[in-house]
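When the count follows my numbering, it moves up by one through the sequence shown with no breaks and lands on 371 for the last residue.
By construction, the Cβ of each residue, glycine as well, lies at the ideal position given by its N, Cα and C atoms.
What you are looking at is a predicted structure, and each value in this text was computed from that prediction instead of being measured.
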Amino acid sequence: MEKIESNYNSKIGLYHSLVEQSVQQIEYLLKKENIKLGFAIESRVKGLDSILDKCNRYNITINDISEINDIAGIRLVSLFQEDVDKIEKIIDRNFKVLRKENTEGRLEENQFGYGSIHYEVTPPDEWFNLPTLSGLKKLKIEIQVRTAAQHIWAATSHILQYKREDDIPLPLRRTINRTAALLETVDLEFSRVKTERDEFLTSLSKPDNSDELNVDMLKFLMRKLIPKEYHTSEGGHSALLEDLEAMNIETVKQFKDLLKKPWYNPKGYKLNELGIVRWAMRDKIPEANEYFREKNKIITTPNKT
67 MEKIESNYNS KIGLYHSLVE QSVQQIEYLL KKENIKLGFA IESRVKGLDS
117 ILDKCNRYNI TINDISEIND IAGIRLVSLF QEDVDKIEKI IDRNFKVLRK
167 ENTEGRLEEN QFGYGSIHYE VTPPDEWFNL PTLSGLKKLK IEIQVRTAAQ
217 HIWAATSHIL QYKREDDIPL PLRRTINRTA ALLETVDLEF SRVKTERDEF
267 LTSLSKPDNS DELNVDMLKF LMRKLIPKEY HTSEGGHSAL LEDLEAMNIE
317 TVKQFKDLLK KPWYNPKGYK LNELGIVRWA MRDKIPEANE YFREKNKIIT
367 TPNKT
(Lines of atoms letter the chains of each structure in order from A and count residues from 1; the text may use other names and numbers.)
(Lines give C-alpha, C1' and ligand atoms only; values in the text may rest on other atoms or scores of the structure.)
Protein backbone atom coordinates (compact mmCIF):
# COMPACT_ATOMS: atom_id res chain seq x y z
CA MET A 1 0.00 0.00 0.00
CA GLU A 2 2.84 2.41 0.79
CA LYS A 3 4.36 1.75 -2.63
CA ILE A 4 1.06 2.50 -4.39
CA GLU A 5 0.55 5.63 -2.29
CA SER A 6 4.02 6.90 -3.20
CA ASN A 7 3.40 6.08 -6.86
CA TYR A 8 0.02 7.86 -6.70
CA ASN A 9 1.50 11.01 -5.17
CA SER A 10 4.23 11.14 -7.80
CA LYS A 11 1.82 10.89 -10.74
CA ILE A 12 -1.47 12.42 -9.66
CA GLY A 13 -0.41 15.89 -10.82
CA LEU A 14 0.11 14.53 -14.32
CA TYR A 15 -3.40 13.07 -14.33
CA HIS A 16 -4.85 16.42 -13.33
CA SER A 17 -2.92 18.02 -16.20
CA LEU A 18 -4.20 15.32 -18.56
CA VAL A 19 -7.81 16.05 -17.60
CA GLU A 20 -7.35 19.82 -17.80
CA GLN A 21 -5.69 19.71 -21.22
CA SER A 22 -8.19 17.18 -22.59
CA VAL A 23 -11.17 19.26 -21.46
CA GLN A 24 -9.67 22.39 -23.05
CA GLN A 25 -9.12 20.60 -26.36
CA ILE A 26 -12.58 19.04 -26.36
CA GLU A 27 -14.22 22.38 -25.60
CA TYR A 28 -12.34 23.97 -28.48
CA LEU A 29 -13.25 21.17 -30.89
CA LEU A 30 -16.93 21.25 -29.89
CA LYS A 31 -17.06 25.01 -30.41
CA LYS A 32 -15.33 24.66 -33.78
CA GLU A 33 -17.98 22.15 -34.88
CA ASN A 34 -20.78 24.25 -33.33
CA ILE A 35 -21.84 21.42 -31.02
CA LYS A 36 -23.52 22.51 -27.80
CA LEU A 37 -23.72 20.11 -24.88
CA GLY A 38 -26.75 19.71 -22.67
CA PHE A 39 -24.61 20.11 -19.55
CA ALA A 40 -21.16 21.40 -18.67
CA ILE A 41 -18.36 18.89 -19.21
CA GLU A 42 -17.84 16.74 -16.13
CA SER A 43 -14.33 15.61 -15.21
CA ARG A 44 -12.57 13.97 -12.30
CA VAL A 45 -9.39 12.28 -11.14
CA LYS A 46 -9.86 9.36 -8.77
CA GLY A 47 -8.55 9.68 -5.26
CA LEU A 48 -6.21 7.15 -3.70
CA ASP A 49 -8.97 5.63 -1.55
CA SER A 50 -11.11 5.05 -4.63
CA ILE A 51 -8.24 3.30 -6.42
CA LEU A 52 -7.48 1.06 -3.44
CA ASP A 53 -11.16 0.25 -3.02
CA LYS A 54 -11.39 -0.78 -6.68
CA CYS A 55 -8.36 -3.03 -6.31
CA ASN A 56 -9.92 -4.70 -3.25
CA ARG A 57 -13.35 -5.14 -4.83
CA TYR A 58 -12.01 -6.72 -8.00
CA ASN A 59 -9.02 -8.45 -6.41
CA ILE A 60 -6.58 -6.49 -8.59
CA THR A 61 -2.86 -6.33 -7.88
CA ILE A 62 -1.02 -3.40 -9.45
CA ASN A 63 2.54 -2.12 -9.46
CA ASP A 64 1.70 1.26 -10.95
CA ILE A 65 -1.50 3.31 -10.88
CA SER A 66 -1.28 3.72 -14.67
CA GLU A 67 -2.50 0.12 -14.84
CA ILE A 68 -5.91 1.44 -13.76
CA ASN A 69 -7.63 2.64 -16.94
CA ASP A 70 -10.17 5.06 -15.48
CA ILE A 71 -8.14 7.15 -13.02
CA ALA A 72 -8.86 10.19 -15.20
CA GLY A 73 -12.36 10.61 -16.56
CA ILE A 74 -14.43 13.01 -18.65
CA ARG A 75 -18.17 12.85 -19.34
CA LEU A 76 -19.91 14.61 -22.23
CA VAL A 77 -23.71 14.84 -22.10
CA SER A 78 -25.53 15.89 -25.27
CA LEU A 79 -29.19 16.75 -25.72
CA PHE A 80 -29.39 15.03 -29.10
CA GLN A 81 -28.34 11.60 -30.34
CA GLU A 82 -27.14 13.20 -33.57
CA ASP A 83 -24.63 15.23 -31.58
CA VAL A 84 -23.41 12.08 -29.82
CA ASP A 85 -22.52 10.73 -33.27
CA LYS A 86 -20.63 13.94 -34.08
CA ILE A 87 -18.78 13.88 -30.74
CA GLU A 88 -17.69 10.32 -31.45
CA LYS A 89 -16.10 11.45 -34.70
CA ILE A 90 -14.28 14.27 -32.90
CA ILE A 91 -12.81 11.87 -30.35
CA ASP A 92 -11.91 9.30 -33.03
CA ARG A 93 -10.05 11.96 -35.05
CA ASN A 94 -8.28 13.81 -32.25
CA PHE A 95 -7.30 11.18 -29.67
CA LYS A 96 -5.50 7.86 -29.86
CA VAL A 97 -8.35 5.42 -29.17
CA LEU A 98 -7.32 2.29 -27.27
CA ARG A 99 -10.82 0.97 -26.67
CA LYS A 100 -14.34 1.99 -27.61
CA GLU A 101 -17.53 0.38 -26.38
CA ASN A 102 -21.24 1.08 -26.43
CA THR A 103 -22.25 -0.23 -23.00
CA GLU A 104 -25.75 -0.93 -24.28
CA GLY A 105 -24.19 -4.02 -25.85
CA ARG A 106 -23.47 -5.38 -22.38
CA LEU A 107 -27.16 -5.64 -21.52
CA GLU A 108 -28.53 -9.16 -21.44
CA GLU A 109 -32.14 -10.24 -21.87
CA ASN A 110 -32.88 -9.86 -18.16
CA GLN A 111 -31.17 -6.47 -17.94
CA PHE A 112 -32.56 -3.10 -18.83
CA GLY A 113 -31.62 0.52 -19.10
CA TYR A 114 -29.50 2.80 -21.19
CA GLY A 115 -25.99 2.54 -22.43
CA SER A 116 -23.41 5.15 -23.24
CA ILE A 117 -20.27 5.31 -25.36
CA HIS A 118 -17.12 4.57 -23.34
CA TYR A 119 -13.72 5.47 -24.70
CA GLU A 120 -10.30 4.65 -23.33
CA VAL A 121 -7.86 7.05 -24.98
CA THR A 122 -4.42 8.60 -24.73
CA PRO A 123 -3.45 12.02 -26.10
CA PRO A 124 -2.18 12.16 -29.70
CA ASP A 125 1.58 12.05 -30.21
CA GLU A 126 1.67 15.72 -31.26
CA TRP A 127 0.95 16.75 -27.68
CA PHE A 128 4.22 15.28 -26.47
CA ASN A 129 6.28 17.67 -28.59
CA LEU A 130 5.49 20.34 -26.01
CA PRO A 131 7.72 20.21 -22.93
CA THR A 132 4.81 20.90 -20.58
CA LEU A 133 2.85 17.91 -21.95
CA SER A 134 5.63 15.41 -22.54
CA GLY A 135 5.00 13.76 -19.17
CA LEU A 136 1.48 12.77 -20.21
CA LYS A 137 2.72 10.10 -22.61
CA LYS A 138 1.04 6.71 -22.11
CA LEU A 139 -1.40 8.07 -19.51
CA LYS A 140 -4.97 6.94 -20.20
CA ILE A 141 -8.21 8.79 -19.80
CA GLU A 142 -11.77 7.49 -19.97
CA ILE A 143 -14.29 9.56 -21.93
CA GLN A 144 -18.01 8.84 -21.65
CA VAL A 145 -20.47 10.19 -24.19
CA ARG A 146 -24.21 9.96 -23.64
CA THR A 147 -27.49 11.78 -24.18
CA ALA A 148 -29.29 13.68 -21.43
CA ALA A 149 -31.92 10.93 -21.21
CA GLN A 150 -29.21 8.31 -20.86
CA HIS A 151 -27.57 10.45 -18.19
CA ILE A 152 -30.81 10.68 -16.20
CA TRP A 153 -31.26 6.92 -16.37
CA ALA A 154 -27.66 6.24 -15.34
CA ALA A 155 -27.93 8.56 -12.34
CA THR A 156 -31.28 7.10 -11.27
CA SER A 157 -30.25 3.46 -11.62
CA HIS A 158 -27.05 4.20 -9.69
CA ILE A 159 -29.06 5.55 -6.76
CA LEU A 160 -31.65 2.76 -6.90
CA GLN A 161 -28.98 0.10 -7.55
CA TYR A 162 -31.18 -1.85 -9.97
CA LYS A 163 -28.90 -3.51 -12.52
CA ARG A 164 -31.22 -6.30 -13.67
CA GLU A 165 -34.97 -6.55 -14.00
CA ASP A 166 -34.86 -9.40 -11.48
CA ASP A 167 -33.42 -6.96 -8.92
CA ILE A 168 -36.58 -4.85 -8.97
CA PRO A 169 -39.36 -5.60 -6.47
CA LEU A 170 -42.39 -6.85 -8.38
CA PRO A 171 -44.65 -3.88 -7.42
CA LEU A 172 -42.11 -1.50 -9.02
CA ARG A 173 -41.25 -3.33 -12.23
CA ARG A 174 -44.02 -1.90 -14.36
CA THR A 175 -43.26 1.66 -13.25
CA ILE A 176 -39.50 1.29 -13.75
CA ASN A 177 -39.88 -0.21 -17.22
CA ARG A 178 -42.40 2.45 -18.20
CA THR A 179 -39.92 5.11 -17.09
CA ALA A 180 -37.15 3.53 -19.17
CA ALA A 181 -39.47 3.51 -22.18
CA LEU A 182 -40.37 7.17 -21.64
CA LEU A 183 -36.73 8.17 -21.52
CA GLU A 184 -36.12 6.31 -24.77
CA THR A 185 -39.04 8.22 -26.25
CA VAL A 186 -37.50 11.49 -25.03
CA ASP A 187 -34.35 10.73 -27.03
CA LEU A 188 -36.41 10.00 -30.14
CA GLU A 189 -38.57 13.11 -29.76
CA PHE A 190 -35.58 15.37 -29.11
CA SER A 191 -34.11 14.08 -32.37
CA ARG A 192 -37.39 14.79 -34.13
CA VAL A 193 -37.50 18.33 -32.71
CA LYS A 194 -33.98 19.00 -33.96
CA THR A 195 -34.74 17.60 -37.41
CA GLU A 196 -37.93 19.65 -37.77
CA ARG A 197 -36.18 22.79 -36.51
CA ASP A 198 -33.37 22.31 -39.03
CA GLU A 199 -35.97 21.94 -41.77
CA PHE A 200 -37.69 25.11 -40.58
CA LEU A 201 -34.43 27.08 -40.54
CA THR A 202 -33.76 25.95 -44.11
CA SER A 203 -37.18 27.27 -45.13
CA LEU A 204 -36.36 30.76 -43.81
CA SER A 205 -34.32 31.73 -46.86
CA LYS A 206 -37.30 33.57 -48.40
CA PRO A 207 -39.75 34.57 -45.65
CA ASP A 208 -43.07 36.12 -46.60
CA ASN A 209 -43.65 39.67 -45.33
CA SER A 210 -46.85 38.52 -43.64
CA ASP A 211 -45.09 35.74 -41.66
CA GLU A 212 -45.28 36.20 -37.92
CA LEU A 213 -42.09 36.70 -35.95
CA ASN A 214 -40.72 33.94 -33.75
CA VAL A 215 -37.31 33.53 -32.16
CA ASP A 216 -35.76 31.67 -35.11
CA MET A 217 -37.27 34.07 -37.65
CA LEU A 218 -36.03 37.00 -35.58
CA LYS A 219 -32.48 35.64 -35.47
CA PHE A 220 -32.53 35.05 -39.24
CA LEU A 221 -33.76 38.58 -40.03
CA MET A 222 -31.26 40.20 -37.67
CA ARG A 223 -28.40 38.34 -39.35
CA LYS A 224 -29.70 39.49 -42.73
CA LEU A 225 -30.47 43.13 -41.92
CA ILE A 226 -27.74 44.04 -39.41
CA PRO A 227 -24.04 44.16 -40.34
CA LYS A 228 -21.96 41.17 -39.28
CA GLU A 229 -19.79 43.10 -36.83
CA TYR A 230 -22.81 43.52 -34.55
CA HIS A 231 -23.80 39.85 -34.49
CA THR A 232 -23.82 37.93 -31.24
CA SER A 233 -24.28 34.23 -30.51
CA GLU A 234 -25.48 34.97 -26.99
CA GLY A 235 -29.09 34.61 -25.87
CA GLY A 236 -31.62 37.37 -25.34
CA HIS A 237 -33.63 36.99 -28.53
CA SER A 238 -36.70 35.70 -26.68
CA ALA A 239 -36.78 38.79 -24.44
CA LEU A 240 -36.31 41.01 -27.49
CA LEU A 241 -39.24 39.29 -29.19
CA GLU A 242 -41.41 40.17 -26.16
CA ASP A 243 -40.35 43.82 -26.48
CA LEU A 244 -41.21 43.84 -30.18
CA GLU A 245 -44.61 42.30 -29.56
CA ALA A 246 -45.31 44.91 -26.88
CA MET A 247 -44.71 47.55 -29.55
CA ASN A 248 -47.02 45.66 -31.95
CA ILE A 249 -44.17 44.60 -34.22
CA GLU A 250 -45.31 41.10 -35.02
CA THR A 251 -44.63 40.40 -38.70
CA VAL A 252 -41.61 40.19 -40.97
CA LYS A 253 -42.61 43.38 -42.81
CA GLN A 254 -43.01 45.37 -39.61
CA PHE A 255 -39.58 44.28 -38.42
CA LYS A 256 -37.98 45.12 -41.77
CA ASP A 257 -39.58 48.57 -41.63
CA LEU A 258 -38.22 49.09 -38.14
CA LEU A 259 -34.68 48.40 -39.32
CA LYS A 260 -34.87 50.42 -42.50
CA LYS A 261 -32.00 52.85 -42.52
CA PRO A 262 -31.33 55.26 -41.12
CA TRP A 263 -31.58 53.46 -37.79
CA TYR A 264 -30.09 55.15 -34.81
CA ASN A 265 -26.66 53.95 -33.74
CA PRO A 266 -25.06 56.21 -31.12
CA LYS A 267 -21.49 56.97 -32.06
CA GLY A 268 -18.72 55.96 -29.72
CA TYR A 269 -20.58 52.99 -28.24
CA LYS A 270 -20.32 49.31 -28.89
CA LEU A 271 -23.71 47.68 -29.50
CA ASN A 272 -24.62 44.15 -30.44
CA GLU A 273 -27.58 43.31 -32.66
CA LEU A 274 -29.98 43.20 -29.71
CA GLY A 275 -29.01 46.70 -28.65
CA ILE A 276 -29.34 48.01 -32.19
CA VAL A 277 -32.95 46.79 -32.46
CA ARG A 278 -33.85 48.31 -29.09
CA TRP A 279 -32.23 51.62 -30.04
CA ALA A 280 -34.21 51.54 -33.30
CA MET A 281 -37.42 51.00 -31.30
CA ARG A 282 -36.64 53.96 -29.05
CA ASP A 283 -35.75 56.13 -32.03
CA LYS A 284 -38.77 55.31 -34.22
CA ILE A 285 -41.56 54.41 -31.80
CA PRO A 286 -42.53 57.25 -29.43
CA GLU A 287 -44.05 55.02 -26.73
CA ALA A 288 -41.01 52.71 -26.64
CA ASN A 289 -39.07 54.93 -24.24
CA GLU A 290 -41.89 54.86 -21.69
CA TYR A 291 -42.29 51.14 -22.20
CA PHE A 292 -38.65 50.47 -21.37
CA ARG A 293 -38.88 52.69 -18.30
CA GLU A 294 -41.92 50.85 -17.01
CA LYS A 295 -40.35 47.47 -17.69
CA ASN A 296 -37.13 48.64 -16.07
CA LYS A 297 -35.40 47.77 -19.32
CA ILE A 298 -34.32 51.21 -20.38
CA ILE A 299 -31.05 50.96 -22.22
CA THR A 300 -28.50 52.80 -20.14
CA THR A 301 -25.20 54.01 -21.50
CA PRO A 302 -23.55 51.02 -23.21
CA ASN A 303 -19.88 50.17 -22.70
CA LYS A 304 -17.73 52.49 -24.76
CA THR A 305 -15.38 51.01 -27.32
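Query raised in the report: In chain order, what residues of the same chain have a beta carbon less than 8 Å from the beta carbon of L306, not counting five sequence neighbours either side?
Result: Here the set comprises L284, L340, V343, R344.
Query raised in the report: Exposed or buried, M67, counting other C-beta atoms within 10 Å across all chains shown (16 or more means buried)?
Result: M67 comes out exposed.
Report task. Output the boundary residues of the alpha helix (DSSP H) element that contains L279. Result -> No alpha helix (DSSP H) holds L279; DSSP gives it neither H nor E.
Query - Pair within 7 Å by beta-carbon distance, D253 and T213 - result: Cβ atoms of D253 and T213: closer than 7 Å.
Query raised in the report: So, are the CB atoms of E311 and E278 less than 7 Å apart?
Result: For the 7 Å CB-CB criterion, E311 and E278 do not form a contact.
**Report entry** Outcome for G301 when other beta-carbon atoms lying within 10 angstroms are tallied against a minimum of 16
**Finding:** Classification for G301: exposed.
Query raised in the report: Are D136 and E71 touching if we call contact CB-CB under 7 Å?
Result: Cβ distance not < 7 Å, so D136 and E71 don't count as in contact.
Report task. Please classify I126: is it buried, with 16 or more other beta-carbons within 10 angstroms of its beta-carbon, or exposed? Result -> By the Cβ neighbour-count rule, I126 is exposed, with fewer than 16 other Cβ atoms within 10 Å of its own.
**Report entry** For L307, the first and last residue of its enclosing alpha helix (DSSP H)
**Finding:** Element bounds for L307: 303–312.
Query raised in the report: Is the number of C-beta pairs between the region 179–198 and the region 105–119 that are closer than 8 Å three or more?
Result: Too few Cβ pairs lie closer than 8 Å, so no.
Requested in this report: Can you tell me the Cβ-Cβ gap for V89 and A138, rounded? I've got them flagged as a contact below 8 Å.
Outcome: Actually they do not touch by this definition, with Cβ atoms about 10 Å apart.
Report task. Compare the C-alpha of K102 against each of P273, H303, V150 and name the closest. Result -> Among P273, H303, V150, the Cα nearest to that of K102 belongs to V150.
Report task. Go ahead and pull the three-state DSSP assignment for L103. Result -> If DSSP states are grouped into helix, strand and coil, L103 belongs with coil.
Query raised in the report: Rounded to a whole number of angstroms, what is the C-alpha to C-alpha distance between K363 and E356?
Result: The predicted model places K363 with a pLDDT of 49, which falls under 50 and marks its position as unreliable; any figure quoted below should be read in that light. Pairing K363 with E356, the inter-Cα distance amounts to about 10 Å.
Query raised in the report: Can you tell me where the alpha helix (DSSP H) with T245 in it begins and where it stops?
Result: For T245, the uninterrupted alpha helix (DSSP H) run begins and ends at 236–268, by DSSP.
**Report entry** Where S109 sits in the DSSP three-state scheme
**Finding:** Strand, per DSSP.
Report task. Taking L80 and L164 to be in contact with their CB atoms under 8 Å, please state how far apart those CB atoms are, rounded to whole angstroms. Result -> In this structure L80 does not touch L164 by the C-beta definition: roughly 18 Å separates them, more than the 8 Å allowed.
Query raised in the report: Assuming K319 contacts S276 under a Cβ cut-off of 8 Å, what Cβ separation, rounded to an integer in Å, is found between them?
Result: Sure, about 7 Å apart at Cβ, within 8 Å.
Query - Selection from K97, E93, D130 that minimises the alpha carbon distance to N73 - result: N73 has its Cα closest to that of D130, out of K97, E93, D130.
Query raised in the report: By DSSP, does E186 sit in helix, in strand, or in coil?
Result: Strand.
Query raised in the report: L325 bridges to which residues according to DSSP?
Result: DSSP output for L325 lists no bridge partner at all.
Query raised in the report: Quick one: what does DSSP say N355 is sitting in, helix, strand or coil?
Result: N355 falls in the helix class under three-state DSSP.
Query - Nearest residue (CA-CA) to Q87, options S144, A354, L202, P293 - result: Scanning S144, A354, L202, P293 for the CA closest to the CA of Q87 turns up L202.
Query raised in the report: Tell me, which residues are paired with S144 by DSSP?
Result: As computed with DSSP, S144 is found in a beta bridge with T213.
Query raised in the report: Does DSSP put N164 in a helix, a strand or coil?
Result: The residue asked about is misnamed: residue 164 is Leu in this sequence, not Asn. Residue state for L164 is assigned as strand, using DSSP reduced to three classes.
**Report entry** Under 7 Å between C-beta atoms of V143 and H217
**Finding:** Yes.
Requested in this report: Taking E308 as the reference, give the member of W219, I183, R240, K361 with the closest Cα.
Outcome: Residue K361 is the option with its Cα nearest to E308.
Query raised in the report: Can you tell me the Cα-Cα spacing of F178 and I140, whole angstroms?
Result: Note that F178 has pLDDT 47, beneath the 50 cutoff, so the model's placement of it is unreliable and no number is given.
Query raised in the report: DSSP on T127, reduced to helix/strand/coil?
Result: DSSP places T127 in coil when its eight states are reduced to three.
Query raised in the report: What are the start and end residues of the alpha helix (DSSP H) that includes Y74?
Result: Counting along the chain, the alpha helix (DSSP H) containing Y74 begins and ends at 68–98.
Query raised in the report: Can you pull the DSSP bridge partners for E208?
Result: Its beta-bridge partners are G139, E186.
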